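Novice: Structure below; questions to follow.
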Amino acid sequence: EFMQAFWDIEEAQAKAIQHLASFVRDKSALPYLLTFTELITFAMKTHVDSLKLQVDGCSLLLEILSQALEQDVVMALDENVASSLLDTVRKHSENEELISLLCTLLMMISASEVAAKNLRKVGVIPDLLSILRNFLHNEKICLSCCGILWSLAVSEKNVDQALLNSAVPVTSAVLQEHIQNGTVTESACSALWALSLQGCLTENEYEPTTALLLDALRMNPERPVLVKNACLALASLLRLSEISALRFIMDSKGSGINLIKDAYHLHFDDPEVVENICVLINEMVQYDDVVLDMLSQKMEELVSEIKYRFPSS
Numbered sequence: 079e080f081m082q083a084f085w086d087i088e089e090a091q092a093k094a095i096q097h098l099a100s101f102v103r104d105k106s107a108l109p110y111l112l113t114f115t116e117l118i119t120f121a122m123k124t125h126v127d128s129l130k131l132q133v134d135g136c137s138l139l140l141e142i143l144s145q146a147l148e149q150d151v152v153m154a155l156d157e158n159v160a161s162s163l164l165d166t167v168r169k170h171s172e173n174e175e176l177i178s179l180l181c182t183l184l185m186m187i188s189a190s191e192v193a194a195k196n197l198r199k200v201g202v203i204p205d206l207l208s209i210l211r212n213f214l215h216n217e218k219i220c221l222s223c224c225g226i227l228w229s230l231a232v233s234e235k236n237v238d239q240a241l242l243n244s245a246v247p248v249t250s251a252v253l254q255e256h257i258q259n260g261t262v263t264e265s266a267c268s269a270l271w272a273l274s275l276q277g278c279l280t281e282n283e284y285e286p287t288t289a290l291l292l293d294a295l296r297m298n299p300e301r302p303v304l305v306k307n308a309c310l311a312l313a314s315l316l317r318l319s320e321i322s323a324l325r326f327i328m329d330s331k332g333s334g335i336n337l338i339k340d341a342y343h344l345h346f347d348d349p350e351v352v353e354n355i356c357v358l359i360n361e362m363v364q365y366d367d368v369v370l371d372m373l374s375q376k377m378e379e380l381v382s383e384i385k386y387r388f389p390s391s
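Numbering (our numbering), first residue to last: 79 to 391.
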C-alpha cells in the first residue's frame, strides 16, 4: 500500500525496496512474491533514471526468483514486467554491472514459457544482440544472453526470422571468444542448436559453425552438458547440409569421428550423453563419404558396444 500510495516519490520507493528485501528472506513471504515483483518492476519503470534504484530492484528481483525456484513456485511474469525490465536495459545500456544483473534476471525469467513469450513480445532480441556485441568480453553476460536466446528460439514459431538469423554470427563470436570457458561454451552451443533448429543459419555459416562446434568439443571433452549440446547442434547442422558433414570428417584439426569416439569413452556411463551421440551418428550415416570414413575408423564397433550397453533404449 505504501509503494502504491507514494509511487512517484523515488526515496519512498527506494526505502520500500530495502524493507521488502528483509521481508523476502522470510519464507512466509512466499504467497506475496508475484505481487512484490510487480511492485518492484513498476517502481523501476517509474524511476528508470535512478541507477541505485535499478540495481537494488534487480538484486531483490533475483532474490525473489531464486526463492521461488527453491520452493518450486512458478512465477508467470506478465508483459508489463518484461516491458519494465527492457526499459531499464535500454536506459542503462552502458552500465556493465547493471546489465550483468539484468541479464542474469532475464535468463531466470525466460525459463518460463509464458515469460519467454512476453519477452519476445516486447522485442528483447535486438537488445540482447546489442548487449553481446558491447560486452563480448564479459563471461557472465555472454552466459546469460546465450541462455535467453536458447529459451526464446527453442520453441518459437512466429518470431521475426531475420532477428534470429542475426543472432547466429553474434553467438558464434561468443563461442569463439570464450571457447576455453566450459560454462559459457555450453550455453553458446545450446543457443546455436536452437538457432539451427529454426533454420537460421545461411549456407555460408554451415562450415565455420561446424568447425567452431568441433573446437568446442575438442577443448571441453570432459563436460557432459557441453558434449550433449554440441552433439545436438552438430546433428542439426549435418541434417541441413552435406557441407557440414564434409567439414565434420575433414576438419584441419582432426576428424569429428575421433572426437565422437573420445566423447563416448569419457561418458559411456551417461545415458543422456550417449543418446545425443547416437542422434549425431544417425545424421552422419546420411552421407556416403562420411559412412566410408566411419567404416575406416571402425565406428561399427562403437555402435555395437552402445547397443550392448543400452539394450532397452
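Glycine is no exception: its CB is placed at the ideal position from the N, C-alpha and C atoms.
All values derive from a computational prediction rather than experimental measurement.
According to DSSP, is Pro302 part of a helix, a strand, or is it coil?
Specialist: helix
Novice: Using DSSP with H/G/I as helix, E/B as strand and the rest coil, what is Pro393?
Specialist: No answer is possible for residue 393: the residues shown for the chain start at 79 and end at 391.
Novice: So for Leu253, helix, strand or coil by DSSP?
Specialist: helix
Novice: Quick one: is Thr280 buried, meaning 16 or more other Cβ sit within 10 Å of its Cβ, or exposed?
Specialist: A residue is called buried once 16 or more other Cβ atoms fall within 10 Å of its Cβ, and Thr280, having fewer, is exposed.
Novice: Provide the residue span of the alpha helix (DSSP H) that contains Gln96, from first to last.
Specialist: 88-102
Novice: What is the DSSP secondary structure of Lys376, counted as helix, strand or coil?
Specialist: Three-state DSSP puts Lys376 in coil, outside helix and strand.
Novice: With a floor of 3 residues, list each beta strand (DSSP E) that falls wholly inside the region 169-247, ordered by position along the chain.
Specialist: none
Novice: Taking one C-beta from the region 289-303 and one from the region 333-340 each time, how about it: are there three or more such pairs within less than 8 Å?
Specialist: yes
Novice: Please report the straight-line C-alpha distance between Gln239 and Ala90, rounded to a whole angstrom.
Specialist: Spanning the two alpha carbons is a distance of roughly 44 Å.
Novice: When the Cα atoms are used, what is the spatial distance from Met185 to Asp348?
Specialist: 27 Å
Novice: Measuring only the C-alpha atoms, how far is Leu67 from Glu353?
Specialist: Only positions 79 to 391 of the chain appear in this structure, which leaves residue 67 out of reach.
Novice: Under the rule that 16 or more other beta-carbon atoms within 10 Å means buried, what is Gln132, buried or exposed?
Specialist: buried
Novice: Can you tell me where the alpha helix (DSSP H) holding Asn259 begins and where it ends?
Specialist: No alpha helix (DSSP H) contains Asn259, which DSSP labels as neither H nor E.
Novice: At the level of alpha carbons, what is the spacing between Ser208 and Val303?
Specialist: 27 Å
Novice: Leaving aside the five residues before and after Leu344 along the sequence, list all residues of the same chain whose C-beta is less than 7 Å from its C-beta, in chain order.
Specialist: Pro299, Glu300
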